[in-house]
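Below: one structure, written as structure tokens.
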Amino acid sequence: MLLTLSITPMQLYGQLLIGLINGSFYALLSMGLAVIFGMLNVVNFAHGAFYMVGAFVAYFLLQYGGMNYWAALVLSPLIVGLLGALVERTIIRRLAGLDHLYGLLLTFGLALVIEGLFQNEFGSSGKPYPTPPALSGAYNLGFMFLPKYRAWVIVCSFVACMATWFAIERTRLGAYLRAATENPSLVRAFGVNVPLMITATYGFGVALAAFAGVLAAPIYQVRPGMGADIIAVVFAVVVIGGMGSILGSILTGFTLGVIEGLTKVFYPEISNTVVFVIMAIVLIIRPSGLFGRAI
Amino acid sequence: MSALASAAPARASHDARDFALAGVLMIAAIVAAPFFVYPFFVMQMLCVALFACAFNLLIGYVGLLSFGHAMFFGMASYVSAHAAKEWGLDPEFAILCGVGVAAAMGLVSGALAIRSKGIYFAMITVALSQMVYFFCVQAPFTHGEDGIQSVPQGRVFGLVSLADSATLYVFVALVFLIGFFVVYRTINSPFGEILKAIRENEPRATSLGYRVMRYKLMAFVLSAALAGLAGATKALVVQNASLSDVGFQMSGEVVLMTLLGGMGTLYGPVVGAVVVVAMQNYLAQYGQWVTVMQGAVFVACVLLFRRGIVGEIAKWARLAL
Amino acid sequence: MIEAALKVAGLEAWYDESHILHGVNFEVRPGEVVTLLGRNGAGKTTTLKSIMGIVGKRKGSAQYGGRETVGLSSDRIARLGVALCPEERGIFHSLSVRENLMLPPRVAPTGGLTLDQIFTLFPNIKERLSSGGGKLSGGEQQMLAIARILRTGARFLMLDEPTEGLAPVIIQQIGRTIGELKKAGFTILLVEQNFRWASTLADRFYVMEHGRIIDAFAAKDLTANMDKLHDYLGV
Numbered sequence: 162m163l164l165t166l167s168i169t170p171m172q173l174y175g176q177l178l179i180g181l182i183n184g185s186f187y188a189l190l191s192m193g194l195a196v197i198f199g200m201l202n203v204v205n206f207a208h209g210a211f212y213m214v215g216a217f218v219a220y221f222l223l224q225y226g227g228m229n230y231w232a233a234l235v236l237s238p239l240i241v242g243l244l245g246a247l248v249e250r251t252i253i254r255r256l257a258g259l260d261h262l263y264g265l266l267l268t269f270g271l272a273l274v275i276e277g278l279f280q281n282e283f284g285s286s287g288k289p290y291p292t293p294p295a296l297s298g299a300y301n302l303g304f305m306f307l308p309k310y311r312a313w314v315i316v317c318s319f320v321a322c323m324a325t326w327f328a329i330e331r332t333r334l335g336a337y338l339r340a341a342t343e344n345p346s347l348v349r350a351f352g353v354n355v356p357l358m359i360t361a362t363y364g365f366g367v368a369l370a371a372f373a374g375v376l377a378a379p380i381y382q383v384r385p386g387m388g389a390d391i392i393a394v395v396f397a398v399v400v401i402g403g404m405g406s407i408l409g410s411i412l413t414g415f416t417l418g419v420i421e422g423l424t425k426v427f428y429p430e431i432s433n434t435v436v437f438v439i440m441a442i443v444l445i446i447r448p449s450g451l452f453g454r455a456i
Numbered sequence: 014m015s016a017l018a019s020a021a022p023a024r025a026s027h028d029a030r031d032f033a034l035a036g037v038l039m040i041a042a043i044v045a046a047p048f049f050v051y052p053f054f055v056m057q058m059l060c061v062a063l064f065a066c067a068f069n070l071l072i073g074y075v076g077l078l079s080f081g082h083a084m085f086f087g088m089a090s091y092v093s094a095h096a097a098k099e100w101g102l103d104p105e106f107a108i109l110c111g112v113g114v115a116a117a118m119g120l121v122s123g124a125l126a127i128r129s130k131g132i133y134f135a136m137i138t139v140a141l142s143q144m145v146y147f148f149c150v151q152a153p154f155t156h157g158e159d160g161i162q163s164v165p166q167g168r169v170f171g172l173v174s175l176a177d178s179a180t181l182y183v184f185v186a187l188v189f190l191i192g193f194f195v196v197y198r199t200i201n202s203p204f205g206e207i208l209k210a211i212r213e214n215e216p217r218a219t220s221l222g223y224r225v226m227r228y229k230l231m232a233f234v235l236s237a238a239l240a241g242l243a244g245a246t247k248a249l250v251v252q253n254a255s256l257s258d259v260g261f262q263m264s265g266e267v268v269l270m271t272l273l274g275g276m277g278t279l280y281g282p283v284v285g286a287v288v289v290v291a292m293q294n295y296l297a298q299y300g301q302w303v304t305v306m307q308g309a310v311f312v313a314c315v316l317l318f319r320r321g322i323v324g325e326i327a328k329w330a331r332l333a334l
Numbered sequence: 011m012i013e014a015a016l017k018v019a020g021l022e023a024w025y026d027e028s029h030i031l032h033g034v035n036f037e038v039r040p041g042e043v044v045t046l047l048g049r050n051g052a053g054k055t056t057t058l059k060s061i062m063g064i065v066g067k068r069k070g071s072a073q074y075g076g077r078e079t080v081g082l083s084s085d086r087i088a089r090l091g092v093a094l095c096p097e098e099r100g101i102f103h104s105l106s107v108r109e110n111l112m113l114p115p116r117v118a119p120t121g122g123l124t125l126d127q128i129f130t131l132f133p134n135i136k137e138r139l140s141s142g143g144g145k146l147s148g149g150e151q152q153m154l155a156i157a158r159i160l161r162t163g164a165r166f167l168m169l170d171e172p173t174e175g176l177a178p179v180i181i182q183q184i185g186r187t188i189g190e191l192k193k194a195g196f197t198i199l200l201v202e203q204n205f206r207w208a209s210t211l212a213d214r215f216y217v218m219e220h221g222r223i224i225d226a227f228a229a230k231d232l233t234a235n236m237d238k239l240h241d242y243l244g245v
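Protein chains in written order, with the working numbering: chain S, 162 to 456; chain R, 14 to 334; chain Z, 11 to 245.
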């Protein structure tokens, strides 16, 4: 069957793998968007920009601090998370009580500022970021070669997603978060410092984006435009999955990455648009998304 | 949508005199501008201003934020360029083709998007326009990165050549004024009143028996068609159509123009377009600082003056603009 | 003279532009059960919310244990030992019953009921711990809403219409619970429409109208004031 389409199994597995990698990033980013939206009612248009900044911080740490990938994987999300918390405290907080659309407009403006600054400094070309030595090379699985770093990215983002899911659905802190998503003023009246939680949530959400950025750095190049390229797809993923469920956004992210990868094998012409086509179909069938609540 | 609505000054009773006065000023400015500014620049400005007015019809009067309006502008610009160059159509028919395609796209994408509201609607329009963008990157007729170059301007009704820059200027000014008048008539018609009622309180409009979805869709298609009119005309002015007109940045810019000028004000988008295009022009030599400035203006508008320039002036001078 | 647990003086409150409370004065002494009566819209719920710090704007004074609360954020007020059981009950649907019960953080190291004590008061809750918060009946929701503020160590409880819309047998159970809480030394401020029921629990009553306290009397004077009360409440 595969041979009749003149597609080798190698190609198929290769694209599946790329699909899973892209899916990892879609899942991490759309989950972060969903977490932020739940708490702040802001669709964080700057999410792609923070993803890009995460990759650049890793690049800076290596270039100017001599710090390796592993240090960057921890430090970059931390730094970007703090930056995000600062942005929330100083800017986003002022939107309280306004229509949700203003959050979108504001964070879109922030994304332009951040991306413009990086483009000024680094142009639009990419900076290479080396694969950490411990993860270079590949596993021979018999039917294909699996580059170690790619396997790491998939496992790592899957673990990060599940850890986030666990923290939100199964811990006390997560219960505060879910409760505050429903009724922030009551949670606050119970003695919880909700404004602090909101800041922390935004910081955490963009830290996830930065984490994805560091993971992406050795695969793609570190480019000022890398966030703007991915954000529209991530929005489509969020629309398809709906914003109501963390597990839903993880599942949707990985699945759409894989579908996109498969499309590259069987019908490459539409591989760029397949996610949007799926979105259109889902919207016809379920306007609030596969796992969504109406918003 | 109520917060957005209240950011736009309530205008239950339109003060026709204010509108007319501002209209006379605007027409005077259009007539005078080519004597002071490079006419080519003014024509581009007029096209973009019409685009912003089309966009404002949705955000300002229906409360729908489209973050993908460049898909109509850009696609119409491709279609009219293609029709003029490859099919040799007269400019008015080339533009009509562009408008028709934009309206059809508006019908399809609107039908998909209008069932959702607020930020969901915005995200859907982002995604749909990205899809159109990728289509334009790949489709043969757009010539990808090269775009459609040296589009002939042709003769209106086979008679009046647009290659003459004064004639072209009059033509573009007329197209703009017609488009602007359509917007004005729309928002001051019973249809426009229903749109505003939907924006203020959709459940109530539904309970009054209005088929809200149908009205929203009609507004969406009209807005798409007018955006198409702007894009199709622009292709003839600059004699090319390129990916930048259909790209995401263009969608963002039209949002910025409208926000800066004043959402839900008739003249706001025009003022916003003039400011943004002028800013682009003067900052062009500083590379990406344009983007940074635009982002900063976005942030400033949202935090400091949500009524926009015209909205603030209207409030300050107690005018209906 | 016993120092008041809660002393409200000249309290004003606004929602957005509308001025709801126009100078409310009353006090609740330690260990008392005090009931606010009044017609719908008199400002009873707003009074509770103002004490809790969850209205738009406040002026005047509301001291709890000698500490001024006007000007504090609601989380700070809660950590003084004040807890509110809201009229709409505020059960979180995305949380299980157990999570709802355990949600409010401890505000004092001692003084809260243990889980066993809570389950003795509300046996139904124990059986439903793993259900979703949205799956409870109205009565169960009300019990859970009261139960979860008993754990935290807050000693001043504000209950907003705890009997609203509930069956008589459940109203009785809630009445018994409030009696037990009083015995255990909790101070309680109650908003209630059902003043006959409230009269079996409360030490004193305040009557509100148009955002002000217009009358006050002790429980023992209730029967003597019945006519006046009917007049105030329009029943």
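Note that the Cβ used here is the ideal one computed from N, Cα and C, for glycine as well.
(request) Out of S/172, S/169, S/179 and S/168, state which residue places its alpha-carbon closest to the alpha-carbon of residue 419 of chain S. (result) The sequence position of residue 419 of chain S within the first sequence is 258, counting from 1. It is S/179.
(message) I want to see whether chain R comes within less than 8 Å of residue 280 of chain S, judged by CB atoms only; does it?
(response) Working through the first sequence from its first residue, we reach residue 280 of chain S at position 119. Chain R, which has a Cβ nearer than 8 Å to the Cβ of residue 280 of chain S, makes this yes.
(message) Measuring only the C-alpha atoms, how far is residue 207 of chain R from residue 271 of chain R?
(response) Start at 1 with the first residue of the second sequence, and residue 207 of chain R comes out as number 194. Start at 1 with the first residue of the second sequence, and residue 271 of chain R comes out as number 258. Their Cα atoms are separated by approximately 22 Å.
(request) With DSSP as the reference, please indicate the residues paired to residue 170 of chain Z in a beta bridge. (result) Numbered from its first residue, the third sequence carries residue 170 of chain Z at position 160. Z/201.
(request) Please name the residue in R/88, R/64, R/32 and R/114 whose C-alpha comes closest to that of residue 260 of chain R. (result) Taking the second sequence and counting its residues from 1, one reaches residue 260 of chain R at position 247. Nearest of R/88, R/64, R/32 and R/114 to residue 260 of chain R, Cα basis: R/88.
(request) For the beta strand (DSSP E) holding residue 35 of chain Z, just list the boundary residues, first then last. (result) As a first step, residue 35 of chain Z is located in the third sequence; it is residue number 25 there, counting from the start. From DSSP, the beta strand (DSSP E) with residue 35 of chain Z extends over 28–38.
(request) Could you round the C-beta distance between residue 236 of chain R and residue 71 of chain R to whole angstroms and report it? I think they count as a contact, below 8 Å. (result) Position 223 of the second sequence, counted from the first residue, corresponds to residue 236 of chain R. Position 58 of the second sequence, counted from the first residue, corresponds to residue 71 of chain R. Residue 236 of chain R to residue 71 of chain R, Cβ: 5 Å. Contact.
(request) State the Cα-Cα distance for the pair residue 210 of chain S and residue 318 of chain R, rounded to the nearest angstrom. (result) As a position in the first sequence, residue 210 of chain S is number 49, starting the count at 1. As a position in the second sequence, residue 318 of chain R is number 305, starting the count at 1. Each residue's Cα considered, the two are about 25 Å apart.
(message) When you compare the CB positions of residue 189 of chain R and residue 269 of chain R, do they come within less than 8 Å of one another, or not?
(response) Taking the first residue of the second sequence as 1, we reach residue 189 of chain R at position 176. Taking the first residue of the second sequence as 1, we reach residue 269 of chain R at position 256. Contact flag unset, no.
(message) I'd like to know if residue 433 of chain S contacts chain R, where contact means its C-beta is closer than 8 Å to some C-beta of that chain.
(response) As a working note, residue 433 of chain S is residue 272 in the first sequence. It does: the Cβ of residue 433 of chain S has a partner Cβ on chain R nearer than 8 Å.
(message) Residues in the same chain with beta-carbon distance under 6 Å from residue 278 of chain R, minus the five sequence neighbours each way, listed in chain order, please.
(response) The sequence position of residue 278 of chain R within the second sequence is 265, counting from 1. Counting only Cβ-Cβ distances below 6 Å, and skipping sequence neighbours, we find 323, 324 and 334.
(request) Alpha carbon to alpha carbon, how far is residue 31 of chain R from residue 332 of chain R? Give it in angstroms, no decimals. (result) As a position in the second sequence, residue 332 of chain R is number 319, starting the count at 1. As a position in the second sequence, residue 31 of chain R is number 18, starting the count at 1. Rounded to whole angstroms, residue 332 of chain R to residue 31 of chain R spans 6 Å at the Cα level.
(message) So with CB distances below 8 Å, who are the chain S contacts of residue 209 of chain Z?
(response) Within the third sequence, residue 209 of chain Z is the residue found at index 199, counting from 1. By Cβ distance, chain S contributes nothing, its closest Cβ being about 28 Å from residue 209 of chain Z, past 8 Å.
(message) I'd like the list of long-range same chain contacts for residue 314 of chain R, defined as Cβ closer than 6 Å, with 5 residues on each side in sequence excluded.
(response) Locating residue 314 of chain R in the second sequence gives position 301, counting from the first residue. Cβ neighbours of residue 314 of chain R beyond the five flanking positions: 272 and 273.
(request) Count the other C-beta atoms from every protein chain shown that fall within 10 angstroms of the C-beta of residue 187 of chain S, then say buried if there are 16 or more, exposed otherwise. (result) Start at 1 with the first residue of the first sequence, and residue 187 of chain S comes out as number 26. Looking at its Cβ environment, which holds 16 or more other Cβ atoms inside 10 Å, residue 187 of chain S is buried.
(request) Indicate the three-state DSSP secondary structure (helix, strand or coil) for residue 238 of chain S in the structure shown. (result) Numbered from its first residue, the first sequence carries residue 238 of chain S at position 77. Helix at residue 238 of chain S.
(request) Starting from residue 73 of chain Z, follow the beta strand (DSSP E) in both directions and report where the run begins and ends. (result) Within the third sequence, residue 73 of chain Z is the residue found at index 63, counting from 1. Here the beta strand (DSSP E) through residue 73 of chain Z covers 67–74.
(message) Does chain R have any CB closer than 8 Å to the CB of residue 440 of chain S?
(response) By 1-based counting over the first sequence, the position of residue 440 of chain S is 279. So, interface residue.
(request) Closer than 9 Å by beta-carbon distance: list the chain Z residues that pair up with residue 452 of chain S, in chain order. (result) For the purposes of this step, residue 452 of chain S is identified with residue 291 of the first sequence, where counting begins at 1. None at all; the shortest Cβ gap to chain Z is about 13 Å.
(message) Excluding the 5 residues flanking residue 23 of chain Z on each side, which residues of the same chain have their C-beta closer than 6 Å to its C-beta?
(response) Stepping through the third sequence from its first residue, residue 23 of chain Z is reached at position 13. Result list for residue 23 of chain Z: 30, 31, 56, 60, 65 and 68, in chain order.
(request) Keeping to the same chain, check which residues put their C-beta closer than 8 Å to that of residue 21 of chain R; ignore five residues upstream and five downstream. (result) Residue numbering aside, residue 21 of chain R sits at position 8 when the second sequence is read from its first letter. With a pLDDT of 44 at residue 21 of chain R, under the threshold of 50, the modelled position of that residue is not reliable, and no figure is offered here.
(message) Give me the residue from R/98, R/280 and R/191 with the minimum Cα distance to residue 156 of chain R.
(response) In the second sequence, counting from the first residue as 1, residue 156 of chain R sits at position 143. If we check each option's Cα against that of residue 156 of chain R, R/98 comes out closest.
(request) Kindly identify the DSSP beta-bridge partner or partners of residue 215 of chain Z. (result) Stepping through the third sequence from its first residue, residue 215 of chain Z is reached at position 205. Residue 215 of chain Z is bridged to Z/45 and Z/227.
(message) Against residue 352 of chain S, what residues of chain Z qualify as contacts under a CB-to-CB distance less than 7 Å, listed in chain order?
(response) Residue numbering aside, residue 352 of chain S sits at position 191 when the first sequence is read from its first letter. Under the 7 Å cutoff, chain Z gives 85, 88, 89, 114, 115 and 117.
(request) Flag this pair as yes or no: are the beta carbons of residue 243 of chain Z and residue 16 of chain Z separated by less than 8 Å? (result) Here residue 243 of chain Z corresponds to residue number 233 of the third sequence, with the count starting at 1. Here residue 16 of chain Z corresponds to residue number 6 of the third sequence, with the count starting at 1. Contact flag unset, no.
(message) If you reduce the DSSP assignment to three classes, tell me which class residue 335 of chain S lands in.
(response) As a position in the first sequence, residue 335 of chain S is number 174, starting the count at 1. Of the three classes helix, strand and coil, the one that applies to residue 335 of chain S here is helix, per DSSP.
(message) In the DSSP output, what is residue 161 of chain R paired with across the bridge?
(response) Indexing the second sequence from 1 puts residue 161 of chain R at position 148. Per DSSP, R/254.
(request) Check whether the Cβ atoms of residue 107 of chain R and residue 249 of chain R sit closer than 8 Å, and answer yes or no. (result) As a working note, residue 107 of chain R is residue 94 in the second sequence. As a working note, residue 249 of chain R is residue 236 in the second sequence. For residue 107 of chain R and residue 249 of chain R, yes; Cβs fall inside 8 Å.
(request) Indicate whether residue 144 of chain Z and residue 106 of chain Z have their beta-carbon atoms separated by less than 8 Å. (result) The residue labelled residue 144 of chain Z in the question sits at position 134 within the third sequence. The residue labelled residue 106 of chain Z in the question sits at position 96 within the third sequence. Result no, Cβ atoms of residue 144 of chain Z and residue 106 of chain Z do not sit closer than 8 Å.
(message) Please report the straight-line C-alpha distance between residue 319 of chain S and residue 19 of chain Z, rounded to a whole angstrom.
(response) By 1-based counting over the first sequence, the position of residue 319 of chain S is 158. By 1-based counting over the third sequence, the position of residue 19 of chain Z is 9. Those two C-alpha atoms are separated by around 57 Å.
(message) Let me check one thing: in DSSP terms, what residues is residue 184 of chain R bridge-paired to?
(response) Numbered from 1 along the second sequence, position 171 holds the residue referred to as residue 184 of chain R. According to DSSP, which records beta bridges pairwise, residue 184 of chain R is partnered with nothing at all.
(message) Residues of chain R with CB closer than 8 Å to the CB of residue 267 of chain S, please, in chain order.
(response) Along the first sequence, read from residue 1 onward, the residue named residue 267 of chain S stands at position 106. Under the 8 Å cutoff, chain R gives 311, 312, 315 and 316.
(request) Indicate whether at least one CB of chain S lies closer than 8 Å to the CB of residue 278 of chain R. (result) Here the question's residue 278 of chain R lines up with position 265 in the second sequence. No, because no Cβ of chain S sits closer than 8 Å to the Cβ of residue 278 of chain R.
(message) By the three-class DSSP mapping on this structure, what secondary structure does residue 16 of chain R have?
(response) Counting from one through the second sequence, the residue named residue 16 of chain R turns up at place 3. Legend: pLDDT at residue 16 of chain R = 42, less than 50; position of this residue unreliable, no value from coordinates given.
(request) Can you say whether residue 385 of chain S is buried or exposed, counting buried as having 16 or more other CB atoms within 10 angstroms of its CB? (result) Here residue 385 of chain S is taken as the residue at index 224 of the first sequence, counted from 1. When all chains shown are included, residue 385 of chain S counts as buried.
(request) Please go through the same chain and pick out, in chain order, the residues whose beta-carbon is closer than 7 Å to the beta-carbon of residue 165 of chain R, but skip the five residues on each side of it. (result) Reading the second sequence from its first residue, position 152 is the one you call residue 165 of chain R. If we look at residue 165 of chain R and ignore the five residues flanking it on each side, its Cβ neighbours are 97 and 98.
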